[in-house]
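Residue numbering for the first sequence follows the UniProt record's numbering, starting at 1 and increasing by one per position. We put the beta carbon where it would ideally sit given N, CA and C, even for glycine.
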Amino acid sequence: MQYWLFKTEPDAFSIDDLANIPDGIEHWDGIRNYQARNYLRDVVKLGDQVFIYHSSCKYVGIVGLAEVVKEGYVDHTQFDPESKYYDPKSTKDKPKWMMVDIHFKRKFVKTLLLKEIKTMPEISEIGLVKKGHRLTILPVNQNEFAWLLGKC
DNA sequence: GCCAACGTTGGC
DNA sequence: GCCAACGTTGGC
1 MQYWLFKTEP DAFSIDDLAN IPDGIEHWDG IRNYQARNYL RDVVKLGDQV
51 FIYHSSCKYV GIVGLAEVVK EGYVDHTQFD PESKYYDPKS TKDKPKWMMV
101 DIHFKRKFVK TLLLKEIKTM PEISEIGLVK KGHRLTILPV NQNEFAWLLG
151 KC
């Protein structure tokens, strides 16, 4: 079992959007970064727990919890010229980009703000607060996960 | 909107 | 393979 943090811009897709899907399952498409892709392809497994994180918004932080219900498979939006995630260099023989499906578990009563997370000495080494943490999919270790969940 | 910190691209 | 230019991310 592994733990992750998936970033999303709530203006585009928020925790509420995820919660409002009837079966609560959504494919996490549009990841166009090789390191994040490698995680999705090789490391993210069924049952892994995922913090949902809102970025580029008023209340930046962790907003809820989801679970991986389908492991890495081909992200179809890379072949769709109409999609903003279209990648003309990708072919169906050799798809470049992957995605996983996640299932909504719960939304936290209160957003665990980045500002607050930065003040927690217990998890000062978390990837999220390190310099240059631009990955949209970040691994979270078990201690960090348990600690943060305990704050929600 | 600004800007730091990356990641990607492409000419050589 | 190097590296400058460019594009993107994301907090503020």
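Count the other CB atoms, across all protein chains shown, that sit within 10 Å of the CB of E144; report buried if there are 16 or more and exposed otherwise. buried
Does the distance from the CB of F79 to the CB of L65 come in under 8 Å? no
Pull up the distance between the alpha-carbon of R41 and that of Q142, whole angstroms please. CA-to-CA, the gap between R41 and Q142 works out to about 21 Å.
Would you decide whether I126 is buried or exposed? Buried here means 16 or more other CB atoms lie within 10 Å of its CB. buried
Using C-beta distances below 6 Å, list every residue in its chain close to P99, excluding the 5 sequence neighbours before and after it, in chain order. Sequence inspection shows Met at residue 99; the Pro mentioned does not correspond to that position. Closer than 6 Å at the Cβ level, and outside the excluded window around M99, lie H27, W28, D29, D75.
Take Y53 and list the residues in its own chain whose beta-carbon comes closer than 6 Å to its own, dropping the five residues that flank it on each side. L5, K7, I62
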